[in-house]
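Engineer: In the working numbering, the protein residues as written are 3 to 266. C-beta atoms are modelled at their ideal positions from N, C-alpha and C, and glycine is treated no differently. Note that the structure is predicted; figures quoted are calculated from it, not measured.
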């Protein structure tokens, strides 16, 4: 694909375009698009991955925030009836307008500086999604799949692993992007699934996770002081533990217990 001579990537949009065809084919193989599937692509850029989705026969709704890329994408994919383009910010898009009997699939090479925000936006609409495969900063990818007990285990790890099975598929060198980022990248796949333990109040669960991991050096008793009474006792967990030591199922049990006693 020829690079437009007058196009300059914008740092404010976090634009690093993945153009290496070998890497794109590897991502496409990992995604494995099928003709009957509908993809929502975040930030198609110049359509490098879009082409692989469309050539597989999948329907692709591409959501691109940069107005400058809209004419290029419209011209490039004008002959594909399975292509739709929106000039929008993904974080403001309601995916219900695309939902049908079959769940949507999400894909994209996303701006690294807003990765968490984009991931949380997707998770808020996860009931409409089968899975998502995103290229993100490697450091963020390692946080997403981090197990309990380490410094990488935090809010992004927990939300990802509560509502999905998250897997780091492979890493990508900075040299295959234009402009070249200063960090390595990685492809992550989330396959959405129910939590390992039923959650009584999902909004409260997310609030609790953000609260305790916003004060991760404190014990659970101290960090939960605004969500439960100071003298509350929970038989199944030691409130002197720090939050990063808790597995997903334990965090859910804790949230369920706090939700049950917070009004008492």
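Quick check on DSSP: helix, strand or coil for residue 250?
Structural biologist: For the purposes of this step, residue 250 is taken as residue 248 along the chain shown, with counting starting at 1. Helix.
Engineer: Can you find the residues in the same chain that come closer than 7 Å, C-beta to C-beta, to residue 20, ignoring five residues on each side of it along the sequence?
Structural biologist: Your numbering for residue 20 matches position 18 in the chain shown. So the list reads 26, 50, 111, 137, 178, 179, once near-sequence residues are dropped.
Engineer: Where do the N-terminal and C-terminal ends of the beta strand (DSSP E) with residue 91 fall, by residue?
Structural biologist: Here the question's residue 91 lines up with position 89 in the chain shown. Here residue 91 belongs to no beta strand (DSSP E), and DSSP marks it neither H nor E.
Engineer: Could you please give the first and the last residue of the uninterrupted alpha helix (DSSP H) stretch that includes residue 115?
Structural biologist: Numbered from its first residue, the chain shown carries residue 115 at position 113. Counting along the chain, residue 115 falls outside any alpha helix (DSSP H), and DSSP gives it neither H nor E.
Engineer: Report yes if the C-beta distance between residue 200 and residue 165 is below 9 Å; otherwise report no.
Structural biologist: Residue numbering aside, residue 200 sits at position 198 when the chain shown is read from its first letter. Residue numbering aside, residue 165 sits at position 163 when the chain shown is read from its first letter. Against a cut-off of 9 Å, the Cβ pair of residue 165 and residue 200 comes out as no contact.
Engineer: Between the segment 74-87 and the segment 45-64, do three or more beta carbon pairs fall short of 8 Å?
Structural biologist: Short answer: they touch.
Engineer: What number of angstroms, rounded off, separates the C-alpha of residue 254 from the C-alpha of residue 207?
Structural biologist: Within the chain shown, residue 254 is the residue found at index 252, counting from 1. Within the chain shown, residue 207 is the residue found at index 205, counting from 1. C-alpha separation (whole angstroms): 7 Å.
Engineer: What's the C-alpha gap between residue 261 and residue 85?
Structural biologist: In the chain shown, the residue the question calls residue 261 occupies position 259. In the chain shown, the residue the question calls residue 85 occupies position 83. The alpha-carbon atoms of residue 261 and residue 85 are separated by roughly 45 Å.
Engineer: Please list the terminal residues of the continuous alpha helix (DSSP H) segment that includes residue 143.
Structural biologist: As a position in the chain shown, residue 143 is number 141, starting the count at 1. Segment 140-146, the alpha helix (DSSP H) holding residue 143.
Engineer: By alpha-carbon positions, which one of 171, 130, 162 ends up nearest to residue 104?
Structural biologist: As a first step, residue 104 is located in the chain shown; it is residue number 102 there, counting from the start. Of 171, 130, 162, the residue nearest in Cα terms is 130.
Engineer: If residue 121 sits next to residue 170, beta carbons under 8 Å apart, how far is it from one beta carbon to the other, in whole angstroms?
Structural biologist: Taking the chain shown and counting its residues from 1, one reaches residue 121 at position 119. Taking the chain shown and counting its residues from 1, one reaches residue 170 at position 168. Actually they are not in contact, since the Cβ atoms of residue 121 and residue 170 sit about 14 Å apart, beyond 8 Å.
Engineer: What residue range does the beta strand (DSSP E) around residue 172 cover?
Structural biologist: Translated into positions along the chain shown, residue 172 becomes position 170. It spans 166-174 - the beta strand (DSSP E) in which residue 172 sits, taken as one unbroken run.
Engineer: Residue 113: buried (16+ other C-beta within 10 angstroms of its C-beta) or exposed?
Structural biologist: Sequence index remark: in the chain shown, residue 113 carries index 111 (1-based). Looking at its Cβ environment, which holds 16 or more other Cβ atoms inside 10 Å, residue 113 is buried.
Engineer: Pull up the distance between the alpha-carbon of residue 230 and that of residue 258, whole angstroms please.
Structural biologist: Counting from one through the chain shown, the residue named residue 230 turns up at place 228. Counting from one through the chain shown, the residue named residue 258 turns up at place 256. Taking the straight line from one Cα to the other gives about 12 Å.
Engineer: Using the Cβ count rule (16 or more neighbours within 10 Å means buried), how would you classify residue 1?
Structural biologist: The displayed coordinates of the chain run from 3 to 266. Any statement about residue 1 would go beyond what the structure contains.
Engineer: Measure from the C-beta of residue 46 to each C-beta in chain D and report whether the shortest distance is under 9 Å.
Structural biologist: Although the question refers to chain D, the structure presented lacks it and comprises just one protein chain.
Engineer: How is residue 53 classed by DSSP in three states: helix, strand or coil?
Structural biologist: In the chain shown, counting from the first residue as 1, residue 53 sits at position 51. Three-state DSSP puts residue 53 in a helix.
Engineer: Could you give the distance in angstroms between the alpha-carbon of residue 118 and the alpha-carbon of residue 83?
Structural biologist: Counting from one through the chain shown, the residue named residue 118 turns up at place 116. Counting from one through the chain shown, the residue named residue 83 turns up at place 81. Straight-line Cα distance between these residues: approximately 33 Å.
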